[in-house]
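Heads up, the sequence shown is in the numbering used here, so the first residue is 11 and it goes up one at a time.
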Amino acid sequence: MNSRESALARLRGAFVGSLSGAVSIGAHGAGGGGIPPTTTAILLLVAVSAALGAVVSALRVTQCQRSCLVAAIAAGQAIGHVTLATADHAAVAHQHAHTLVPSMPMIAAHAAAIALTALLVRLAERAYLTACALFLRIVLIVAAPPSPDAQAWTAKPTHRATLQPWLLTCAAGGTRAPPSVV
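1) Exposed or buried, which one is alanine 19 when buried takes at least 16 other CB atoms within 10 Å?
2) Buried or exposed for glutamine 105, going by 16 or more other Cβ atoms inside 10 Å?
3) Taking all protein chains shown into account, do 16 or more other C-beta atoms lie within 10 angstroms of the C-beta of arginine 22, making it buried, or fewer, making it exposed?
4) So, using beta-carbon positions, are valine 58 and glycine 31 closer together than 9 Å?
5) Would you kindly check if the distance between the Cβ of isoleucine 117 and the Cβ of glycine 39 is under 9 Å?
6) Compare the C-alpha of isoleucine 35 against each of Pro156, Met114, Gly90 and Ala137 and name the closest.
7) Three or more beta-carbon pairs under 8 Å between the segment 78-92 and the segment 47-64, yes or no?
8) Can you grab the Cα-Cα spacing for the pair proline 151 / leucine 69, in whole Å?
9) For isoleucine 52, which residues from the same chain have a beta carbon less than 7 Å from its beta carbon, with the 5 sequence-adjacent residues on both sides left out?
10) With distances taken from CA atoms, which of Glu135, Val56, Ala123 and Ser13 is nearest glycine 27?
11) Mapping DSSP to helix, strand and coil, what is glycine 42?
12) Given a cut-off of 9 Å on the beta-carbon distance, is the pair alanine 37 and glutamine 87 in contact?
13) Taking buried to mean at least 16 other C-beta atoms within 10 Å of its own C-beta, is isoleucine 124 buried or exposed?
In structure tokens:
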């Protein structure tokens, strides 16, 4: 796996993990999940989402195309639902907010969350590749050596002072010569 593919795999894993957890909370509440999630439920969901992101980042980008991406996000939504339902059930003890089997509004909310998360991940990947290409172009332009046929800039004076011969003869009392024997 080259460095570009490795970076894209890490980016995909981070986005799938974090967005699956965040969107799972929203979908769970929109689907009639009952009480807001407790701190324990959120911490458990963060741990599960981080594990999902690590698994997705271990996959090669060429192997993990759209179907693999949607399957990973769907798994994240299912794991998020089970995590939140279990933690919520433990929080309310015998007052059942809902069961582990999702209702139709819950399924619809999680399905919409899958589509939204897949769209966000694909947009983030495209933005990442565009930003990397732009950065590479800038670096190549800035770090490029000058072309060999480029002329080096030299200063050319606009006025050149010339020494007048009469100034030489008057300055030292005549022309300069070796001493004469008298």
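Cβ coordinates follow ideal geometry from the N, Cα and C atoms, glycine included.
Judging by the given coordinates:
1) buried
2) Any reading at glutamine 105 must be qualified, since the residue scores a pLDDT of 47, below 50, and its modelled position is unreliable; the value itself is stated next. The residue is exposed, with fewer than 16 neighbouring Cβ atoms inside 10 Å.
3) buried
4) yes
5) no
6) Gly90
7) yes
8) Checking the sequence shown, residue 151 turns out to be isoleucine, not proline. Rounded to whole angstroms, isoleucine 151 to leucine 69 spans 34 Å at the Cα level.
9) none
10) Val56
11) coil
12) yes
13) buried
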